[in-house]
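Asker: Structure incoming, see below.
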Amino acid sequence: MGNMLRIGPALIWLAVSLPTQADIPADTSELHLDPAWLTLIHYQPDTFGDGYTSQADDPAFFLSEDGKHSPKSELQATLEAIQKPGEGDDHARCQFPARTTWLQQELNLALPEISCPGYQEWSETLNTETVTLVFAASYLNSPSSMFGHTFLRLDPPQDDEETNLLLANTISYAADAAAHDSELLFAYKGIFGGYPGITTVQPYYEKIRLYSDIEHRDLWEYKLNLTQEEVDLMIAHAWEIRDRNFDYYFFDENCAYRLLALIDIARPGTDLLGEVSTHAIPSDTVRWVVDKDLVSDVYYRPSAATSVAYSLSTLPDDHQTLSAAIANGYVDADANEVSSLPAEQRAHILDATYDYVRYKSEADGWPREIAAPLSHDLLRERSQINNVPPPEEPPRPVVRDDQGHDTFRMSLGAGQLAHREFTQLTLRPAYHDILDPPAGYRTGAQLQFLRLDARLYTDNNELQLEQLTGVEIRSLSPRNAFFSPLSWQVGFGGRRTDTGNDRVLTPYLEGGAGGSWSLGHQTQAFAIATADLEIDDDLRRGYDAAPGADIGLLHQNNQFSLLAGAKTKAWIVSSEHRQDQFYAKANWHIGREFSLFAEFTREDHYDRYQSTWHAGIHAYF
1 MGNMLRIGPA
11 LIWLAVSLPT
21 QADIPADTSE
31 LHLDPAWLTL
41 IHYQPDTFGD
51 GYTSQADDPA
61 FFLSEDGKHS
71 PKSELQATLE
81 AIQKPGEGDD
91 HARCQFPART
101 TWLQQELNLA
111 LPEISCPGYQ
121 EWSETLNTET
131 VTLVFAASYL
141 NSPSSMFGHT
151 FLRLDPPQDD
161 EETNLLLANT
171 ISYAADAAAH
181 DSELLFAYKG
191 IFGGYPGITT
201 VQPYYEKIRL
211 YSDIEHRDLW
221 EYKLNLTQEE
231 VDLMIAHAWE
241 IRDRNFDYYF
251 FDENCAYRLL
261 ALIDIARPGT
271 DLLGEVSTHA
281 IPSDTVRWVV
291 DKDLVSDVYY
301 RPSAATSVAY
311 SLSTLPDDHQ
321 TLSAAIANGY
331 VDADANEVSS
341 LPAEQRAHIL
351 DATYDYVRYK
361 SEADGWPREI
371 AAPLSHDLLR
381 ERSQINNVPP
391 PEEPPRPVVR
401 DDQGHDTFRM
411 SLGAGQLAHR
421 EFTQLTLRPA
431 YHDILDPPAG
441 YRTGAQLQFL
451 RLDARLYTDN
461 NELQLEQLTG
471 VEIRSLSPRN
481 AFFSPLSWQV
491 GFGGRRTDTG
501 NDRVLTPYLE
511 GGAGGSWSLG
521 HQTQAFAIAT
531 ADLEIDDDLR
541 RGYDAAPGAD
551 IGLLHQNNQF
561 SLLAGAKTKA
571 WIVSSEHRQD
581 QFYAKANWHI
591 GREFSLFAEF
601 TREDHYDRYQ
611 STWHAGIHAY
621 F
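Just so you know, the sequence shown maps onto residues 1 to 621 in the working numbering.
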């Protein structure tokens, strides 16, 4: 479209009073509908009708009174504003350098040089030659980080190999939440809207400290193959939105979404935002960036927790026991059990133990009067061993987070409840089930949102909503001599429950906490104390509650996943009965796109036994 506008009859030039002013084209035709312009102003097509609405929610972002809903009015107002005489930070060209650059290119505008001290100082401080997309892995202990987080690192010119990229700056977009807001309030406002989103610039080392050292999240760095001109345009637009309000939404208009817009602006035609449908999961957005051939190199930066865990895992079992004894003060660093070992083995024990003590001091706040003398003893003994290199960094995972399965899952299966046969359709917009292909996801982690299970019973063609899962989170992290994470789960939604006379759909809230222990490679056992609450008028007192337990076995590998165990609940309010269940679930993974599944449960409920089986296929996209 821009090329058409540049040929004779399509442009009419108007002369203005000042000789230094550029000419304004009288007819910009359909330029306001150019995808690049729509992206610059963050326009999205209206759900109903043929108009557009900008996602920017700050009146200062628009130069036209109708700019929120009129791409044409905003284009005309911008053209007029950038032609006006003057200079300084309040001038439209200084406020909107990306718009100005794009319009100059599209319309061959000859604009005089002006001074923009604020923007010039800002861009010179950033000194950006290349841009790197950084993905921080998921972190289940915070609602804002459950899906992971993405931000952009602005890399200065690397004059030599010694250039420290930790001193680079970053651009990120996040909810401007109040410091006193609880995690539950944050989750609610994040889902339904209630926070303004802000674009911030911070040094990269601050991000490293937050994500790697405090939240123990691995970082993946994706160097983008943008030209200098594209980088400059991205920086210019970052300036335009840095202080502007965009409403933040957890599922779509989030950190990942805004960064996709910046990349789309830098390289028009990529249309990364076109990949977004109902939600923008950070790992999905990274996958789209990679698929668009925008990445030239990938670097893995393990977290402090990953590095320490790997260092300890390289020790033989008996040396791990000795290392734990030293760290907990049962054995001195210079004890005979240590000093009698060969130099290389002794060095590895001392290195791993020191890294562990330093990690626990920072992460768990070990008292200085304990950690400092122990660290000193370990370093003293290690300094006496020469010609033994320090421990290696953890190897890069074979499968990156963006190479795991797609997060939207549709399942189709058939089964039988007692003597009733059914066909079941399941839709899950996000994110990951504990039995899904584990590559690229946290071991023992599960996070599902808005999953819908619908059944069609073939005996009477009755269609029923079996379950609607609002949120379901599970974290099964194995414990060992060094780390004692809590295994926990929480979920809420609506599900079918047996009242003794009928199966009714009841709202529920469930949770639990316990422990998990490794039984070998890729296999772990767990024991969870649970609590359930159901609320429905069909229950005798309108609600029922049940303490219980869930004991089971989990195996995960890239070909096969298995979950089996036994549950028990004691309903103590309305029905006053015990509910026992044995379950076994398995998935056979067929690449990233499909899994075959089979499930079986045997339940003792209201003094009657009932079996359910269900099998089918999962498709990920």
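For every residue, glycine included, the Cβ atom is placed at its ideal position computed from N, Cα and C.
1. Could you check whether I528 and D550 sit closer than 8 Å to each other, using their CB atoms as the reference points?
2. Straight-line CA distance for G511 to P429?
3. May I ask you to report which of helix, strand or coil DSSP gives Q158?
4. Which residues bound the alpha helix (DSSP H) around H319?
5. Under 8 Å, do Y222 and A304 count as touching if we go by C-beta distance?
6. Quick check: what's the CA-CA separation for D58 versus R244?
7. Between L260 and chain C, is the shortest Cβ-Cβ distance under 8 Å, so that the two count as touching?
8. Which same chain residues end up closer than 6 Å to A626 when comparing Cβ atoms and leaving out the 5 residues on each side of it in sequence?
9. Starting from A304, trace the alpha helix (DSSP H) both ways and give me its first and last residue.
10. How long is the line joining the alpha carbons of S561 and I208, rounded to whole angstroms?
11. From A280 to V201, what distance separates their C-alpha atoms?
12. With burial defined as no fewer than 16 other Cβ atoms inside 10 Å of the residue's Cβ, what is the status of I535: buried or exposed?
13. Taking C-alpha atoms, which residue in S339, S516, L259 and T497 lies nearest to D377?
14. Over what stretch of residues does the alpha helix (DSSP H) that includes N336 continue unbroken?
15. With a Cβ-Cβ cutoff of 8 Å, do A352 and P391 count as a contact?
16. My understanding is that G415 touches Q403, with C-beta atoms under 8 Å, so please give their C-beta distance in whole angstroms.
17. Can you tell me where the alpha helix (DSSP H) holding S518 begins and where it ends?
18. Look at the alpha carbon of R310 and the alpha carbon of V286, and state the distance between them as a whole number of angstroms.
19. What residue ranges within the stretch 32 to 77 form continuous alpha helix (DSSP H) runs of no fewer than 4 residues, ordered along the chain?
20. Which of the three DSSP states, helix, strand or coil, is assigned to R217?
21. Using the rule of at least 16 other Cβ atoms within 10 Å of the residue's Cβ for burial, across every protein chain shown, is H42 buried or exposed?
22. Closer than 7 Å to a non-hydrogen atom of the ligand ATP - does that hold for the CB of E534?
23. Going by Cα to Cα distance, which pick from Y441, E462 and L468 is closest to R451?
24. Between K68 and the rest of its own chain, which residues show a CB-CB distance below 7 Å, the 5 nearest in sequence each way excluded?
25. Three or more C-beta pairs closer than 8 Å, one from the stretch 69 to 77 and one from the stretch 31 to 38: is that the case here?
26. With 16 as the cutoff for other CB atoms within 10 Å, does T306 come out buried or exposed?
27. Just verifying my parser: in three-state terms, what is the DSSP assignment at W288?
28. If distances are taken between C-alpha atoms only, which option among D155, H555, A545 and Q522 comes closest to H577?
29. Cβ atoms of F422 and R455: under 8 Å apart, would you say?
30. To the nearest angstrom, how far is it from the Cα of L322 to the Cα of Y330?
31. Helix, strand or coil, according to DSSP, for M234 in the structure here?
32. Using only alpha-carbon positions, find the residue among S574, S575 and A570 that is nearest to Q581.
33. Buried or exposed: R346, going by 16 or more other Cβ atoms within 10 Å of its Cβ?
34. If R153 and T132 are in contact, beta carbons under 8 Å, what's the gap, nearest whole angstrom?
35. State the beta-bridge partners of M146 as determined by DSSP.
36. If the criterion is Cβ atoms closer than 8 Å, does the pair E540 and G515 meet it?
Answerer: Walking through what the data contain:
1. For the purposes of this step, residue 550 is taken as residue 550 along the sequence shown, with counting starting at 1. For the purposes of this step, residue 528 is taken as residue 528 along the sequence shown, with counting starting at 1. Yes, the pair counts as a contact, with Cβ atoms nearer than the cut-off.
2. Locating residue 511 in the sequence shown gives position 511, where the first residue counts as 1. Locating residue 429 in the sequence shown gives position 429, where the first residue counts as 1. Each residue's Cα considered, the two are about 22 Å apart.
3. Counting from 1 along the sequence shown, the entry for residue 158 is found at position 158. The answer is coil: DSSP assigns Q158 none of H, G, I, E or B.
4. Mapped onto the sequence shown, residue 319 falls at position 319. Counted as a single uninterrupted DSSP element, the alpha helix (DSSP H) harbouring H319 occupies residues D317 to A327.
5. Along the sequence shown, read from residue 1 onward, the residue named residue 222 stands at position 222. Along the sequence shown, read from residue 1 onward, the residue named residue 304 stands at position 304. No, Cβ-Cβ distance for Y222 and A304 is not below 8 Å.
6. On the sequence shown, position 58 is the one that residue 58 refers to. On the sequence shown, position 244 is the one that residue 244 refers to. Those two C-alpha atoms are separated by around 6 Å.
7. Included in the structure is just one protein chain, with no chain C present.
8. Limits of the chain in this structure are 1 at one end and 621 at the other, which puts residue 626 out of reach.
9. Along the sequence shown, read from residue 1 onward, the residue named residue 304 stands at position 304. That run of the alpha helix (DSSP H) goes A304 to S313.
10. The count along the sequence shown starts at 1 and reaches residue 561 at position 561. The count along the sequence shown starts at 1 and reaches residue 208 at position 208. Answer to the nearest angstrom: the Cα atoms are 33 Å apart.
11. Working through the sequence shown from its first residue, we reach residue 280 at position 280. Working through the sequence shown from its first residue, we reach residue 201 at position 201. If I take the Cα positions, the gap works out to 22 Å.
12. By 1-based counting over the sequence shown, the position of residue 535 is 535. The residue is exposed, with fewer than 16 neighbouring Cβ atoms inside 10 Å.
13. If you number the sequence shown from 1, residue 377 lands on position 377. That would be S339, whose Cα lies nearest to the Cα of D377.
14. In the sequence shown, residue 336 corresponds to position 336, counting from 1. That run of the alpha helix (DSSP H) goes N336 to S339.
15. For the purposes of this step, residue 352 is taken as residue 352 along the sequence shown, with counting starting at 1. For the purposes of this step, residue 391 is taken as residue 391 along the sequence shown, with counting starting at 1. Going by C-beta atoms, A352 is nearer than 8 Å to P391.
16. Locating residue 415 in the sequence shown gives position 415, counting from the first residue. Locating residue 403 in the sequence shown gives position 403, counting from the first residue. That belief does not hold up - the Cβ atoms of G415 and Q403 are roughly 32 Å apart, past 8 Å.
17. By one-based count along the sequence shown, residue 518 stands at place 518. From DSSP, S518 is part of no alpha helix (DSSP H) but of the beta strand (DSSP E) over R503 to G520.
18. By one-based count along the sequence shown, residue 310 stands at place 310. By one-based count along the sequence shown, residue 286 stands at place 286. This sequence places Tyr at residue 310; Arg is not what is there. Taking the straight line joining both Cα atoms gives about 26 Å.
19. 35 to 40
20. Residue mapping note: residue 217 aligns to position 217 of the sequence shown, counting from 1. R217: coil per DSSP, three-state reduction.
21. Here residue 42 refers to the residue found at position 42 of the sequence shown. Burial call: buried.
22. Looking for the ligand ATP in the displayed structure turns up nothing, as the structure carries no ligands at all.
23. The residue given as residue 451 occupies position 451 in the sequence shown. The shortest Cα separation from R451 among Y441, E462 and L468 belongs to L468.
24. Locating residue 68 in the sequence shown gives position 68, counting from the first residue. Result list for K68: T53, S54 and F62, in chain order.
25. yes
26. The residue given as residue 306 occupies position 306 in the sequence shown. Classification of T306: buried, given that the 10 Å Cβ count is 16 or more.
27. By 1-based counting over the sequence shown, the position of residue 288 is 288. Correct three-state label for W288: helix.
28. Residue numbering aside, residue 577 sits at position 577 when the sequence shown is read from its first letter. Comparing Cα positions, the closest option is A545.
29. Locating residue 455 in the sequence shown gives position 455, counting from the first residue. Locating residue 422 in the sequence shown gives position 422, counting from the first residue. Yes, the pair counts as a contact, with Cβ atoms nearer than the cut-off.
30. Counting from 1 along the sequence shown, the entry for residue 322 is found at position 322. Counting from 1 along the sequence shown, the entry for residue 330 is found at position 330. Going from the Cα of L322 to the Cα of Y330 covers about 9 Å.
31. Start at 1 with the first residue of the sequence shown, and residue 234 comes out as number 234. In the three-state DSSP reduction, M234 falls in the helix class (H, G or I).
32. Walking along the sequence shown from the start, residue 581 turns up at place 581. The residue with the shortest Cα to Cα distance from Q581 is A570.
33. Along the sequence shown, one-based indexing puts residue 346 at 346. R346 should be labelled buried.
34. The count along the sequence shown starts at 1 and reaches residue 153 at position 153. The count along the sequence shown starts at 1 and reaches residue 132 at position 132. That belief holds up - the Cβ atoms of R153 and T132 are roughly 4 Å apart, short of 8 Å.
35. Here the question's residue 146 lines up with position 146 in the sequence shown. In DSSP, M146 forms no bridge with anything.
36. Position 540 of the sequence shown, counted from the first residue, corresponds to residue 540. Position 515 of the sequence shown, counted from the first residue, corresponds to residue 515. It is Arg, not Glu, that sits at residue 540 in the sequence shown. Judged by their CB atoms, R540 and G515 are not nearer to each other than the 8 Å cut-off.
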